[in-house]
């Protein structure tokens with residue numbers, strides 16, 4: 004049951020993190036500034052809670068191979084996105100491009116994982 008709630012919290016954090024991009028694209032500077040301030044702490048929380056969700060779920064779930072595979076892919080993408088930020092000095096100008104590519108890849112992966120986990 005705790006894994007279930009951790010998964011929903013992770014989904015909520017992903018949604019709020021994606022709102023920063025939406026606010027920037029819509030040129031709503033006050034919202035973009037707000038989301039910029041909370042973006043990194045929410046990302047760290049997503050890493051912690053998403054990993055906890057994955058570890059607990061992996062120990063509990065049996066016979067749902069597709070949901071497990073999409074979950075593993077999802078957490079790998081989340082770590083990839085975090086790594087692009089952590090290594091931004093080494094990646095130079097490419098880091099933001101890679102960060103956004105990882106985010107775009109993450110969204111359908113989350114949707115597929117959620118769909119397969121609920122079926």
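Numbering (this note's numbering), first residue to last: 4 to 122. Where is the CB? At the ideal position from N, CA and C, for every residue including glycine.
Can you check whether the CB of residue 84 is closer than 8 Å to the CB of residue 65?
No, they are not a contact pair.
Short check: CB of residue 101 to CB of residue 94, under 8 Å?
With respect to residue 94, residue 101 sits close: the two C-beta atoms are nearer than 8 Å.
At a cut-off of 7 Å, is residue 74 close to the ligand HEM when judged by its beta-carbon and the heavy atoms of the ligand?
As far as ligands go, the structure on display features none, and thus does not contain the ligand HEM.
Could you say which of 119, 10, 118 lies nearest to residue 55 if we only look at CA atoms?
Comparing Cα positions, the closest option is 10.
Are the beta-carbon atoms of residue 6 and residue 53 separated by less than 8 Å?
no
Spatial neighbours of residue 113 within its chain, please: CB distance less than 8 Å, with the 5 preceding and 5 following residues excluded, ordered by chain position.
14, 17, 77
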